[in-house]
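Going down the list, the sequences are from chains A and B.
Quick note on numbering: the numbering used here labels position 202 of the first sequence as 214, and the sequence is numbered without any gaps.
Quick note on numbering: the numbering used here labels position 119 of the second sequence as 145, and the sequence is numbered without any gaps.
Below is one structure, written out as structure tokens; the observations come after it.
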Amino acid sequence: MKTGGYDRETAVKFYREMLRIRLFEMKAAELFSRALLAGNIHTCVGQEAVAVGACQALRPGDYITATHRGHGHCLAKGGDSRKMMAELFGKSAGYCRGKGGSMHIADVSLGILGANGIVGAGLPIAAGSALASKIMGKDEVTLAFFGDGASNTGNFHESLNMASAWNLPVIYLCENNRYGVSVCIERVTRVSNLAERAKAYGIPGVTIDGNDVFAVHEAVAEAARRARGGEGPTLIEAVTYRHRGHYEGDPQVYKPKEEIQEWKERDPVAGLKRKILEEGLAGDEELGAIENELRLEIEEAVEFAMDSPYPDAAQVTADVYSKDNEWGVAR
Amino acid sequence: MRTITYGQAISEALREEMLRDRSVLIMGEDMGVLGSVFGLTKGFLEEFGPLRVIDTPISESSFTGMAVGAAMRGLRPVVEIMYVDFTPVCMDAIVNQAAKMCYMTGGQISVPLVIRAPGGAGRRNAGQHSQSLEALFTHIPGLKVIAPATPYDAKGLLKSAIRDPDPVVCIEHKLLYATRGEVPEEEHLVPLGKAEIKRKGRDVTVICYSRQVLFALEAAEELSAEGIEAEIVDLRTLVPLDWAAIESSVKKTHRVVVVQEAVKRGGYAAEIAAQVMENAFDYLDAPVKRVAGLNVIPPFSPGLEDLIYPHKQDIMQGVREVLR
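Here it is in structure tokens:
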């Protein structure tokens, strides 16, 4: 990891954004283990550099589609930790009024077109958003986050094919964390780098260190430049690792212990902190203050969520159809 | 009033809405250069350009997903899935994405998407090009479903569907495209969720939709000669269902036959029959009768294919049974 070319403010900002995600996720995991959160929680601990490096290279008016492991993507794009936490609790103050939960957080005003519970489903949606930008003559790009698992779905191939054929302003960012639930990517895919698949669609494909926030930032900035310039999509494979299970409570029997240890030593948040200290871009005290501030933010988010009411029973039938619709739950 | 075909009516609806609203676009296989396999969009590419008349690759799953994404961004895509039989290829985009986006985001996002999916048997196209799959869509909360039977309804309903803020699946029977009917020259809309009494009668209510409306009307004419006056209720929209229209007819006739081309088991006629039983049982003088397709895969051989879905005689037989 090199910070060369990045100034002090940028490096510290990236660190702050990554640490916010880490603290949010560790808190969510803790709350889940205490049975305060229901359903499933898929944390992105270990993958923070991808979300932050990517979203920092986008403009506020750009769009993203996220995955079922999407908390980091939403926070990095500007998501409000209080509304996100409230959604995890199923409260009415949550982003989706408690109807979507962890896997479906969206904030259209921030360009977050939604996390998605179906692997690969966000890829064509992102391409459709990019198509809309092109049709409306707008200078926006849409970035699709997806995992190595989604790279084997039909939607990946169909979507890349159309986006490249039509030069759509879309960025395909694969977070290769090596596992689709329990199945290691090497057991189900012959190509060693998933970015090689870009060749089949006549677009650039790059494999980068997904734990290096600067490398992610540079790759996405270049892809965004191409997209805005009418040169079409780019496939970026960010090689990373999820430190925790597919879901909270997953015993991870499918991962070698040495592998987990090896990747923990390459922790992107700790690594960036070390780098900032080594290069004298900020001192212990400053980074400690940032951490305290973020811990407070997350604690406040939890308090906000816990103090918020559950949705009114009348909400159960609202929003099946759009607000301006007269039918509600149609017969 | 002038007379045009059902296919022309669909074509006019698409063209008028594209002229009226720049956010309307059409996409699907062979929609552009060819003008669609049923010839409904001839000249559209020249008139509206390739950004609004999009010839997609054969990628139903992903181009339907793209239409969902474009709709989430405020455009109004009209997607054609060449045959309704191909919709299972893109069911995720319809069922898990388009239908649920509004609810799962707490009302933040609406998906003003229309999916046109020609359906129905009778063209000797065999098992994968001849089905009636509307029940799949009526089962999914968040979708609306229309199935017009006449050129008048096809044009008016499709225009309403394009203006609707929610995803609408439009089932067009392939054998209706060449049928003719009166359609006004001037702007005309048929609201979603309104059935129409296509023929008044006092003895029995025949509830139907799509091509079976034509068979039901023929059956009613012959029954009339026998002294039986059937009331033909054309649902036009399957979801949301116009229960009021059904109820008032049932209260008048006390006998109900529900007709569908689709296979009988798990079909939409079963839903109608169940609602009549639940909510209007006291008005019934006989059990509700379903006249529906056989529970088989559409065969190719002409002699066999014609046996699988109801014809005039089957509807007449159904009516006689509830009047016995």
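Ideal placement from N, C-alpha and C gives every residue a C-beta, glycine not left out.
This structure is a prediction, so every number in the text was calculated from the model and none was measured.
Original post:
Are Ile137 (chain A) and Gly95 (chain B) closer than 8 Å when you measure CB to CB?
Top reply: The answer is yes: Cβ separation under 8 Å.
**OP:** Assuming Val265 (chain B) and Thr176 (chain B) form a contact by the criterion Cβ under 8 Å, report the distance between their Cβ atoms to the nearest whole angstrom.
**Re:** Actually they do not touch by this definition, with Cβ atoms about 20 Å apart.
Subject >> Sequence-distant residues of the same chain with beta carbon closer than 8 Å to Asn52 (chain A), five excluded per side >> reply: Ser114, Met115, Tyr259 and Glu260, listed in sequence order.
**OP:** Kindly indicate which three-state DSSP category Val153 (chain A) falls into: helix, strand or coil?
**Re:** Reduced to three states, the DSSP call for Val153 (chain A) is coil.
Original post:
Which residues, taken in chain order from the stretch 113 to 132 of chain B, show a beta carbon closer than 8 Å to some beta carbon of chain A?
Top reply: Taken in chain order, the members of the stretch 113 to 132 of chain B whose beta-carbon sits within less than 8 Å of a beta-carbon on chain A are Asp118, Ala119, Asn122, Gln123, Met127, Cys128, Tyr129, Met130, Thr131 and Gly132.
Subject >> Distance, Pro245 (chain A) Cα to Ile183 (chain A) Cα >> reply: Approximately 5 Å, taken between the alpha carbons.
**OP:** Show which residues of chain A have a CB atom less than 9 Å away from the CB atom of Phe307 (chain B).
**Re:** Chain A residues near Phe307 (chain B): none, gap ~17 Å exceeds 9 Å.
Original post:
For Thr31 (chain B), which residues does DSSP report across the bridge?
Top reply: According to DSSP, Thr31 (chain B) bridges with B:Arg206.
Subject >> Interface partners of Ile137 (chain A) on chain B, CB under 8 Å >> reply: Neighbours of Ile137 (chain A) across chain B, judged by C-beta separation under 8 Å: Gly91, Met92, Val94, Gly95, Met98 and Gln123.
Original post:
Any heavy atom of the ligand GDP closer than 7 Å to the Cβ of Tyr184 (chain A)?
Top reply: You won't find the ligand GDP in this model; it holds no ligand whatsoever.
Original post:
Can you name the residues that DSSP bridges to Asp221 (chain A)?
Top reply: Answer is A:Val251, bridged to Asp221 (chain A).
Subject >> Buried versus exposed call for Gly182 (chain B) [16 or more other C-beta atoms within 10 Å across all chains shown] >> reply: Buried.
**OP:** Give a yes or no on whether 8 Å exceeds the smallest Cβ distance from Glu297 (chain A) to chain B.
**Re:** Chain B contact via Cβ: absent.
**OP:** Measure how close the beta-carbons of Glu287 (chain B) and Arg150 (chain B) come, nearest whole angstrom, since I'm counting them as under 8 Å.
**Re:** Rounded to whole angstroms, the Cβ separation of Glu287 (chain B) and Arg150 (chain B) is 15 Å, and the two are not in contact under 8 Å.
Original post:
Under 8 Å, do Gly145 (chain B) and Val332 (chain A) count as touching if we go by C-beta distance?
Top reply: Here Gly145 (chain B) is not near Val332 (chain A), since their CB atoms are 8 Å or more apart.
Subject >> Contacts around Lys10 (chain B), its chain only, beta-carbon distance under 6 Å, and the 5 residues preceding and following it disregarded >> reply: One cannot answer for residue 10 (chain B) here, as it falls past the ends of chain B, which runs 27 to 350.
Subject >> Endpoints, the alpha helix (DSSP H) within which Val281 (chain A) is located >> reply: In the DSSP annotation of this structure, the continuous segment of the alpha helix (DSSP H) that includes Val281 (chain A) starts and ends at Pro280 to Glu290.
Original post:
What are the partner residues of Ile197 (chain B), as DSSP defines its beta bridges?
Top reply: Answer is B:Ala143.
Subject >> Residue-chain proximity (Val200 (chain A), chain B), Cβ-Cβ < 8 Å >> reply: Residue contact check for Val200 (chain A) against chain B: no CB pair falls below 8 Å.
**OP:** Give a yes or no on contact between the stretch 116 to 125 of chain A and the stretch 87 to 95 of chain A, applying the rule of three or more CB pairs nearer than 8 Å.
**Re:** Judged by Cβ distances under 8 Å, the stretch 116 to 125 of chain A makes contact with the stretch 87 to 95 of chain A, as three or more pairs qualify.
Original post:
Using a C-beta to C-beta distance shorter than 8 Å, which residues of chain A count as neighbours of Ile135 (chain B)?
Top reply: One finds Ala118, Val120, Leu125 and Gly126 in chain A with Cβ atoms closer than 8 Å to the Cβ of Ile135 (chain B), taken in chain order.
Original post:
So what does DSSP say about Glu43 (chain B), is it helix, strand or coil?
Top reply: Residue state, collapsed to three classes: helix.
Subject >> Proximity of Ile84 (chain B) and Glu55 (chain B) at Cβ, strictly below 8 Å >> reply: In this structure, Ile84 (chain B) lies near Glu55 (chain B), with their beta-carbon atoms less than 8 Å apart.
Original post:
To the nearest whole angstrom, what separates the beta carbons of Ala347 (chain A) and Val153 (chain A), a pair I think is in contact under 8 Å?
Top reply: Coverage of chain A is limited to positions 13 through 343, which leaves residue 347 (chain A) absent and any answer about it impossible.
Original post:
I think Thr131 (chain B) touches Gly112 (chain A), with their Cβ atoms under 8 Å apart; what is that distance to the nearest whole Å?
Top reply: Confirmed, about 6 Å.
**OP:** Please name the residue in B:Ser156, B:Arg78, B:Met342 and B:Pro217 whose C-alpha comes closest to that of Glu248 (chain B).
**Re:** Out of B:Ser156, B:Arg78, B:Met342 and B:Pro217, B:Met342 has the C-alpha closest to the C-alpha of Glu248 (chain B).
Original post:
Given a threshold of 16 other Cβ atoms within 10 Å of its Cβ, counted over all protein chains shown, does Arg286 (chain A) qualify as buried or as exposed?
Top reply: Exposed, by the Cβ-count rule.
Original post:
Mind checking whether Ile248 (chain A) and Leu185 (chain A) have CB atoms under 8 Å apart?
Top reply: Closer than 8 Å, so yes.
Original post:
With Pro419 (chain B) and Pro191 (chain B) assumed to form a contact (beta carbons below 8 Å), what rounded beta-carbon distance in angstroms separates them?
Top reply: The structure shown does not extend to residue 419 (chain B), since chain B spans only 27 to 350, so no value can be given for it.
Original post:
The alpha helix (DSSP H) spanning Ala325 (chain A) covers which residue range?
Top reply: Taken as a continuous stretch (DSSP letters only), Ala325 (chain A) belongs to no alpha helix (DSSP H), as it is neither H nor E.
**OP:** Tell me whether the beta-carbon of Met53 (chain B) lies closer than 8 Å to the beta-carbon of Phe89 (chain B).
**Re:** Their beta carbons are under 8 Å apart, which means Met53 (chain B) touches Phe89 (chain B) by this criterion.
**OP:** Please confirm whether Leu135 (chain A) and Asn179 (chain A) have their CB atoms less than 8 Å apart.
**Re:** Going by C-beta atoms, Leu135 (chain A) is not nearer than 8 Å to Asn179 (chain A).
Subject >> Residues that Gly112 (chain A) contacts on chain B, provided the C-beta gap is smaller than 8 Å >> reply: Within 8 Å Cβ-Cβ: Met130, Thr131 and Gly132.
**OP:** Taking Ser49 (chain B) as the reference, give the member of B:Lys68, B:Ser37, B:Val104 and B:Ser327 with the closest Cα.
**Re:** Out of B:Lys68, B:Ser37, B:Val104 and B:Ser327, B:Val104 has the C-alpha closest to the C-alpha of Ser49 (chain B).
Original post:
With a cut-off of 8 Å, does the C-beta of Lys146 (chain A) fall near any C-beta of chain B?
Top reply: The Cβ of Lys146 (chain A) sits closer than 8 Å to at least one Cβ of chain B.
Subject >> Among A:Arg343, A:Glu315, A:Arg20 and A:Asp151, nearest to Leu43 (chain A) - alpha-carbon criterion >> reply: The shortest C-alpha separation from Leu43 (chain A) is found at A:Glu315.
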